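Novice: The structure follows.
Numbering (the UniProt record's numbering), first residue to last: 1 to 343.
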């Protein structure tokens, strides 16, 4: 076991009885914080990801301000395709921009499974530096995107409302799509194993675009690859799987070796418990836009949410990342409500 001063998050992942559930927020190290915006003015996005001093500083900013029960390493899911020989930029006003998207079997053949040390060593340095700054206060979460979500960007070339080109690629060239998904999966497994060695206490797989697929296509193009990652890591660390819009897959996910499942705000606590059989840790699922409600209302809703999920086998979180325009006081109210919780 670890010598963490606050191990509530790990206890919840283990299914242990707790006085209150732990709390953290997806994208907590980000744009709603003025101290983050200061650094954003000086350094571009991938510079912040690739400079361990900056990444570690950004990771601990929200912990200093709010004292969440877990930190999540500041990074991006697109560092994986970058390492795989796929050019990725962050364009102002556009977001992720991949100037040479993958559209053919030949394109897939150019994609490599890299040496993690050579291509992503900076992430491991950031983990070690973050661990020093956290000084065993709270656990540190490492993360990666799901293979399907990475494929979405690699093929579409940018964000999208429906990822029509990515889906079209999978359905018209399934062999090439599966070859690409397998390369991403292999790289992600190697990457997350290195993160665990570097000191993260748990990992989360973000399937941000899983909900774009039908339940049948989800099995073929997303879940079977996520499950390979879960299987490869389950003996080494705690794995959380979060599929946005993927309530239909919760039953299969619950039968995997994942330690916890993330739920978005479109799935009620009751349905999530029912679909997962009631004995796996769940994480979520406050609507990020609800942080625009008055602080008193936020606190009331958070208490109700914990009552509905139950305090055990539960990690309080948002149903997706925190939005950039959330008032600091409202984010604070969300965290405080959990810390003040009495069953």
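Think of the CB as a built atom: it goes at the ideal place given N, C-alpha and C, for glycine as much as any other residue. Computed from a prediction, not measured in an experiment: that's the story for all the values here.
Would residue 274 be called buried (16 or more neighbouring beta carbons within 10 Å of its own) or exposed?
Specialist: Answer is exposed; the Cβ neighbour count stays below 16.
Novice: Could you tell me which whole beta strand (DSSP E) segments of length 3 or greater appear in the stretch 110–149?
Specialist: Within the stretch 110–149, the complete beta strand (DSSP E) runs of at least 3 residues are 140–145.
Novice: Going by the DSSP bridge assignment, what does residue 89 pair with across the sheet?
Specialist: For residue 89, which the question treats as bridged, DSSP gives the partners 97.
Novice: How many Å lie between residue 110 and residue 103 at the Cα?
Specialist: The straight-line gap from Cα to Cα measures roughly 11 angstroms.
Novice: Check whether the Cβ atoms of residue 262 and residue 228 lie closer than 8 angstroms to each other.
Specialist: Cβ distance not < 8 angstroms, so residue 262 and residue 228 don't count as in contact.
Novice: Check whether the stretch 68–81 touches the stretch 134–151, taking contact to mean three or more Cβ pairs, one atom from each stretch, closer than 8 angstroms.
Specialist: These segments touch.
Novice: Could you please give me the residues that DSSP links to residue 71 through a beta bridge?
Specialist: Partner(s): 140.
Novice: Quick check: the Cα distance between residue 89 and residue 169, rounded to an integer number of angstroms?
Specialist: Roughly 22 angstroms between the two C-alpha positions.
Novice: Using a threshold of 8 angstroms, state whether the C-beta atoms of residue 240 and residue 222 are closer than that.
Specialist: Not a contact, by the Cβ cut-off of 8 angstroms.
Novice: Taking all protein chains shown into account, do 16 or more other C-beta atoms lie within 10 angstroms of the C-beta of residue 167, making it buried, or fewer, making it exposed?
Specialist: By the neighbour-count rule (16 or more Cβ atoms within 10 Å), residue 167 is buried.
Novice: For residue 173, which three-state DSSP category applies?
Specialist: Looking at residue 173 - three-state DSSP - the assignment turns out to be coil, as it is neither helix nor strand.
Novice: In the DSSP assignment, find the beta strand (DSSP E) that holds residue 263 and state where it starts and stops.
Specialist: Element bounds for residue 263: 260–263.
Novice: How is residue 213 classed by DSSP in three states: helix, strand or coil?
Specialist: Here residue 213 sits in coil by DSSP.
Novice: To the nearest angstrom, report how far apart residue 232 and residue 294 are at their CA atoms.
Specialist: Their Cα atoms are separated by approximately 43 angstroms.
Novice: So residue 238 is in the beta strand (DSSP E); what residue range does that whole segment cover?
Specialist: Unbroken beta strand (DSSP E) run through residue 238: 238–243.
Novice: Quick one: give me the first and last residue of the beta strand (DSSP E) that residue 318 is part of.
Specialist: Here the beta strand (DSSP E) through residue 318 covers 314–318.
Novice: Got a sec? Which residues, its chain only, sit under 6 angstroms from residue 45 by beta carbon, not counting five neighbours each side?
Specialist: Here the set comprises 90.
Novice: Does the beta-carbon distance from residue 257 to residue 230 come in below 8 angstroms?
Specialist: Taking 8 angstroms as the Cβ cut-off, residue 257 and residue 230 qualify as a contacting pair.
Novice: Indicate the three-state DSSP secondary structure (helix, strand or coil) for residue 203 in the structure shown.
Specialist: Looking at residue 203 - three-state DSSP - the assignment turns out to be strand.
Novice: Quick test of your reading: residue 298 and residue 195, contact by CB under 8 angstroms. State the CB separation rounded to the nearest angstrom.
Specialist: In fact, because the Cβ distance is near 32 angstroms, the residues do not count as touching under 8 angstroms.
Novice: Would you kindly check if the distance between the Cβ of residue 80 and the Cβ of residue 146 is under 8 angstroms?
Specialist: Contact: no.
Novice: Please classify residue 87: is it buried, with 16 or more other beta-carbons within 10 angstroms of its beta-carbon, or exposed?
Specialist: Flag for residue 87 reads exposed.
Novice: Are the Cβ atoms of residue 18 and residue 311 separated by less than 8 angstroms?
Specialist: In contact: residue 18 and residue 311 (Cβ atoms closer than 8 angstroms).
Novice: In three-state terms, what does DSSP make of residue 15?
Specialist: Three-state DSSP puts residue 15 in coil, outside helix and strand.
Novice: If residue 191 and residue 116 are in contact, beta carbons under 8 angstroms, what's the gap, nearest whole angstrom?
Specialist: That belief holds up - the Cβ atoms of residue 191 and residue 116 are roughly 5 angstroms apart, short of 8 angstroms.
Novice: At the level of alpha carbons, what is the spacing between residue 108 and residue 218?
Specialist: Rounded to whole angstroms, residue 108 to residue 218 spans 21 angstroms at the Cα level.
Novice: Excluding five sequence neighbours on each side, which residues of the same chain lie with their C-beta closer than 8 angstroms to the C-beta of residue 33?
Specialist: Excluding residues within five positions, the ones whose Cβ falls inside 8 angstroms are 61, 62, 65 and 328.
Novice: Assuming contact is defined by CB atoms lying nearer than 8 angstroms, are residue 101 and residue 78 in contact in what I supplied?
Specialist: Going by C-beta atoms, residue 101 is not nearer than 8 angstroms to residue 78.
Novice: Which residue from 186, 337 and 225 puts its Cα closest to that of residue 148?
Specialist: Checked all of 186, 337 and 225; the closest Cα to residue 148 is 225.
Novice: CB-CB under 6 angstroms to residue 183, same chain, minus the five flanking residues each way: which ones, in chain order?
Specialist: Contacts found: 111 and 113.
Novice: In the DSSP output, which residue or residues are listed as bridge partners for residue 285?
Specialist: DSSP lists 317 as partners of residue 285.
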